[in-house]
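Those sequence lines, one after another, are chains A and B.
Every letter in the first sequence is one number past the one before it in numbering that gives the first Met the number 0, and letter 316, counting from 1, is 315.
Every letter in the second sequence is one number past the one before it in numbering that gives the first Met the number 0, and letter 218, counting from 1, is 217.
Notes follow once the structure below has been shown.
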Amino acid sequence: MSEAPKPIVVDQPVTITVNGAAIQAQKGDLLIDACERAGTYIPRFCYHPRMNPVGMCRMCLVDVDTGRGPALQPSCMLECSEGMTVDTENEKVKKAQDGVLEFLLINHPLDCPVCDKGGECPLQDTTVGYGPGESRWVEEKRHYEKPIAISETVQLDRERCILCDRCTRFADEVAGDPLIHFMGRGANTEVNTFPDEPFASYFSGNTVQICPVGALTAKPYRFKARPWDLEEVASTCTDCAVGCSVTVQSSRDEVLRINGVDNDAVNWGWLCDKGRFGFEAIGSPDRLQGPLELHGDDLVAIHWSDAVAKAAALISEGLRSGGPQGLAVIGGARLTNEAAYAWTKLIKGALGSDNVDAQLGDGLPAELVLGLPGATINEACTPGGTIIYLGPDPKEALPTLFLRLRHAIVEDGARLIELTSTESSLTNLAAASLLVRPGETASAVRAIRGGGGDAGGADVEQVRRAIDVLSGDGPVTVLIGRTSAAESPQTVVAAAEELMTLDGVRFLPLLPRSNVRGALEAGMSPGLLPGRVRRSEAAAWFGQAWPTIPQADGLDTAGILAAAAAGKIDTLILLGADPLADFVDRELAERALTGARSVIVVDPFLNESARRANVVLASSAFGEVSGTVTNIEGRVQRVTQKVTPPGTARADWELACDLGEALGHDLNFDGVEAIWAEFQDLSPVHAELSLEALEDPANIDGLLAVAPTEVQSEEPLDSATDSADDSDGASAEDPSDAVADPAESEVGDAAQVAEPEETDGLELVSSPDVLRYVAANDQVVIPATDAYAFRLVARPDLYDGGTLLSHSPSSASLVKEAVLTLNPLDFEKLGVTTGAAVRVSNGARSILIPVEPSASVPRGVAACGVNLSGVAVSRLIDSSSLVTDVRIEVQA
Amino acid sequence: MNATPHIVTSRWETPDAHTLEGYQRSGSYSGYEGIRAALNIAPSAVLEQVRQATVLGRGGAGFPAGTKWGFCPPGVWPRYIVVNGDESEPGTYKDRVLMERDPHQLIEGCLIAAYAIGAAQVFLYVRGEMAHAQERIAAALNEAYANNLVGKNILGTDFSVDIVLHWGAGAYIVGEETALIESLEGNRGMPRLKPPYFPAAKGLYMAPTIVNNVETLANLPWLMCHGVAAYKATGSEASPGTRLVAVSGHVNTPGVFEVAQGTTTYRELFYSEQYGGGIRNGNELKMFIPGGASAPWFFPEQVDLPLEGRTVGAAGSMLGSGAIVVMDDTTDAVKACLRIVRFFARESCGKCSPCREGTTWEEKILRRIMDGHGRPSDLDLLLDIADNISPGPYPVASHPEAGLEAVPFPPRQTTICPLGPSSVAPITSALRRFRHEFEAKITKRDLIPLSVEPVGGRS
Ligand SMILES: Cc1cc2nc3c(=O)[nH]c(=O)nc-3n(C[C@H](O)[C@H](O)[C@H](O)COP(=O)(O)O)c2cc1C
Ligand code: SF4
Ligand code: SF4
Ligand code: SF4
Ligand code: FES
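Have a look at this one:
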């Protein structure tokens, strides 16, 4: 268990004496931590460095003298003070340790041989290290029905529980889901759930990891292995873009468990259940074992040589007839940084197409994501800081980020302004929560910046509070993303631009799709090349290393799909993407798959879109490849191979090389190290990020890719945005200038961009400017809704029908059914019962969907999760309009 | 011997003393005159009077109220008063009678305390089972509110206080002040660790909070009416005033008595006609508990000790909650020990390992011994378990016959609160004095037949 004391800064040193030796400790640091930092471990059960101490188990008693004579005191509750004298191993302490352990063991079943925790059990280890040799207990032990399922995935054997309050504290204090609790009294005290209320928390699996005994076990791992048979590697979760540090554990080439690792910059040891339990999909029997080819109406297995040749043939045919514009790639977020770079090099640098987009219409413009002054999670969570949140519900989209934000607000006094169109997991934590009409976030932002207006319909009191919060000092961080897939990203861009002029503001972009940031950094976006540079500005630089450079900026996913639907795409490559399920506008995705002349799919699973492919190339999944990934912050962390891919599936980067070779372009990579080395050489923001540096234990938390100029970006973001402060009309002309050549005003900065040192032969051209976002100041005018229509909010749901959950047997039952949620007053007007199906239409298309009331949705809004099982709400979304209005009809 | 003044019991014989009219008409001072007197002087002056009078806490620890009130960190508001009416220690039933018979006196005491420390809210926590007391207090509160004695601008001054009545759910442990605070906050009643959670600094909702016992506060109206000198005229210098004792067990006339603190002796309590009226059936005294079930036992040698905290502490026990349980020579010491240990095992909140597991273990061993399945090694085992809950020599009375000295109060603890160590009191007391009774049950299987099943049946 990685439960070392959390890192601290010692700025108020005090001297304390531990077992006769004087040590320096931080004043106020808990004695148990201070001793451990100085090399003296004190045994413990209830104490966990990431939770508030409770002093319950009494295992950590030590003999402390603070001037009033020595006394046994729990070291987990005692703060270091000058002159404190501590003995952690005298007879008195040993007797107490013996005593506590004996007490804990009297009712403990000692069924270690059949207990999942046996072999890695703190109770075992502590007993061996500090306990009495034998027990004097001759009475009958406590018995309970065993095990009881406290949630879909977590089971509880109560007789093993030592009542340390870790799980219950975690649920209450960390997750904010107080669904498990102590019940009963004395020796009959037990942990349990309330009747009919399961421990339905997105974070329940953490309790299994921190339980110091085998009382809490997880369904996916229960009775699967003994700890000593497990091998593990350090890696990074790629189920969403928070990038939690994990260890991947396997036995006999099968991943059996994922545990959280304490990364001070990211997840603090916590994981969400999707990240923890989704690994079952890796070993799913549904995984593609090898490549497939369309024969008649069926996809049939073929040899790799044939598959690669076939795919290459499709690509070159396409290039011959339609040129590079006819080649398009959608996807890339599932890839490692290395695979993303290899594919970018293949498509952009060898085949000359810029039609590459790792986002599926659910993200933000890459220039905004990469070009705004960035904040880390720790910066966003600065004690006493201000957080402006406009994005997807973090609990649904970026779960451990939610835990970090919750901690910052509840424990560290950070203040949150939330702008959302339906209540979220943050609403109760916010100092000001503005319920904004879908699409009108920018007006709300204008209002909280003192610009007046109707604040997108938000409550006046909440606006007043937000203005008040913003007037305080402390850093301001904007967490920005798409609240709803039914609104155009333009609405978010407009809001971001309103916020750019805040003094010293920094942005943390919330793109939830696994390694999407890494894919963007590797250039998988139209108009960009690897390393946060514009194609238009970096052509010369890359021209030295790549055979070719795209001649013009390409299409984004919506553009690619539209072009495909119009018959203008010859070869569509789906790189770990399933547009039918994931693109915001399903109708368009369907037409595109029909319209594209050929479709090549690279994926570990035969998803819905893959069934429409001409060639399917089976690729490896998480745990089967090594390399690096990049999280929302731009933090680069390692992922490590632990098991071999099923059948003959190949790594994504290998497939890029295979295709390159078949097409006559040797990408020249013999492994991920070589790819990274080339990427590092070419990228202006990854200069410091060598693989050796990432291996260094000092960089266990990963390394940030930072633009060299960003170091002092206190400076104005750009001259154009200043106009936002001016009167409305005045801004009309200068923005267009700025857009035309944003780099011009920054020549000075550009000079500071460090040239990569080992650029063999590249010295002739100076490395390109790292892009900075320049406000476009486009007016976004949201049309009014008519009185009979509802404005649609399509929001993410953690338990969606994505590949991971649907192929993880233990969690599959958690996937939610699509349902349309309305305000109770609107619901009542319909005169239907909960669960009744209604017809929802956008004028052109309609779906039948069950409906339910919830006060979390404001009047006039209809909310639904995206990509749930049942109906696809994306059928109603037109990706070309700003907002989506629908009508609801009751079925007769 | 001077007649002891009735400071808190002066209306116990008045049938309608629980009404406002009865409270103001009868008794050793005039109802709600105490708060009037307090309101005429500065809050700090009220606090000073309480400090000078040395009003000792009557809830168990005997800590002077004035000193405790002074611990509120200056300038930190809001502050709260919490009244501890959870009285549930076996043998203790004084607060119940105080609340039932003279609820206005308690309300007035609350007002005086709130005024002195600057609290605008008082929480009156009454044990769940005391329905009658709750009803009486509720009715009295309604009357007091209706007559501008509680609420906004009390008696036309700018002093305003709300008093909230809260019913407990029936756990002994919520009598412990930090557990009571947890319970008031809506949480499971489990004690907080002191330090850092001393209520006066970090109490209810982490705000400064004064927790006082019902009887402690009930003393205040009389004190404000009659002054410090009159208060200190009764009792000893260190323990002035009176104190309520609840005498139960094998005396002829058990009951709650108001006696002078510091001077009255146990002998008077047991044998005087005014109080206990002698041991039943003319039997001999075998032992007695001088201050509630958690107090180590005393024996005939200690019967002439005065009810004075320091003296009793030095002799190895405590005055505690004023519950005195008398046991005559027909009492089975092992069974008595089991009964008390069983209480603590059942009432352990389960928070800390030594108490949760240790008290039940003690109970199981004692039960086995009672049932004739004891082993000779069980006695030392019991003492060692006790030592793991409360390390070092445990407070116990002297045993002159065996040449054993007293071990003074208080005990040490590996636990969070004193409940766990309380379970040790009967074990060390009984084993030191009556080891032969335990041995008889173990080696000779010499069972004293159980005449009565313990309430609630066997465990
Ligand atoms: C296990 C335990 C139970 C207690 N029960 C009570 C009780 O029922 N009533 C009470 O007034 N004090 C009780 N106390 C003492 C309180 O913690 C606290 O000291 C007291 O209420 C303070 O009031 P006082 O200073 O007026 O005595 C108990 C203490 C412990 C450790
Ligand atoms: S929890 Fe630990 S000590 Fe208990 S049975 Fe399991 S392995 Fe053994
Ligand atoms: S179940 Fe585990 S974590 Fe929870 S209280 Fe019991 S021992 Fe602690
Ligand atoms: S000593 Fe007993 S009652 Fe007190 S906190 Fe510990 S378990 Fe609870
Ligand atoms: S670790 Fe300190 S009491 Fe449990």
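Note that CB positions come from ideal geometry on N, CA and C, so glycine has one too.
For clarity, every value in this text was computed on a predicted model and none was experimentally measured.
Cα-Cα separation between residue i and residue j, rounded to whole angstroms
i, j, result
"C656/A", "L345/A", "8 Å"
"W166/B", "T442/B", "48 Å"
"P73/A", "A139/B", "45 Å"
"N427/A", "P857/A", "16 Å"
"Y114/B", "A41/B", "9 Å"
"I479/A", "S420/A", "14 Å"
"G760/A", "V173/A", "Bear in mind that the predicted position of G760/A carries a pLDDT of just 47, short of 50, making it too unreliable to give a figure here."
"I7/A", "P392/B", "41 Å"
"A64/B", "A52/B", "10 Å"
"V250/B", "A294/B", "19 Å"
"I106/B", "S27/B", "16 Å"
"V601/A", "T570/A", "13 Å"
"R141/A", "V860/A", "53 Å"
"S879/A", "A493/A", "16 Å"
Residue-level contact to chain B via CB, residue i, 9 Å cutoff
i, result
"H47/A", "no"
"A576/A", "no"
"T758/A", "Because the pLDDT of T758/A is 45, which lies under 50, any placement of that residue in the model is unreliable, and the question is left without a value."
"P211/A", "no"
"V53/A", "yes"
"F198/A", "no"
Pair within 9 Å by beta-carbon distance, residue i and residue j
i, j, result
"V882/A", "G438/A", "yes"
"L365/B", "V395/B", "no"
"A835/A", "V850/A", "yes"
"L304/B", "A292/B", "no"
"L527/A", "L369/A", "yes"
"H5/B", "P102/B", "no"
"G30/B", "Y22/B", "yes"
Simplified DSSP assignment, three categories, for residue i
i, result
"N191/A", "strand"
"G117/A", "coil"
"C416/B", "coil"
"F122/B", "strand"
"E279/A", "helix"
"A113/B", "helix"
"G330/A", "strand"
"K145/A", "coil"
"R637/A", "strand"
"F343/B", "helix"
"T385/A", "strand"
"P12/A", "strand"
Residue-level contact to chain A via CB, residue i, 9 Å cutoff
i, result
"R500/B", "Outside the modelled stretch of chain B, which goes from 0 to 458, sits residue 500/B, for which no answer is possible."
"N282/B", "no"
"S347/B", "yes"
"L380/B", "yes"
Under 8 Å by beta carbon: chain E residues contacting residue i
i, result
"R355/B", "Given the protein chain composition of this structure (A and B), no chain E is represented."
- request: Scan the segment 547 to 591 of chain A and note each continuous alpha helix (DSSP H) run of 4 residues or more that stays entirely inside, going in chain order.
  value: 556 to 564, 578 to 581
- request: Starting from the N-terminal side, write out each stretch of the alpha helix (DSSP H) that is 4 residues or longer and does not extend beyond the segment 151 to 201 of chain A.
  value: 165 to 168
- prompt: Fully enclosed by the segment 767 to 824 of chain A, which alpha helix (DSSP H) runs are 4 residues long or longer?
  reply: 802 to 805
task: Just list the beta strand (DSSP E) runs in the segment 262 to 343 of chain B, keeping only unbroken ones of 3 residues or longer that don't cross its boundaries, in chain order.
output: 284 to 288, 322 to 327
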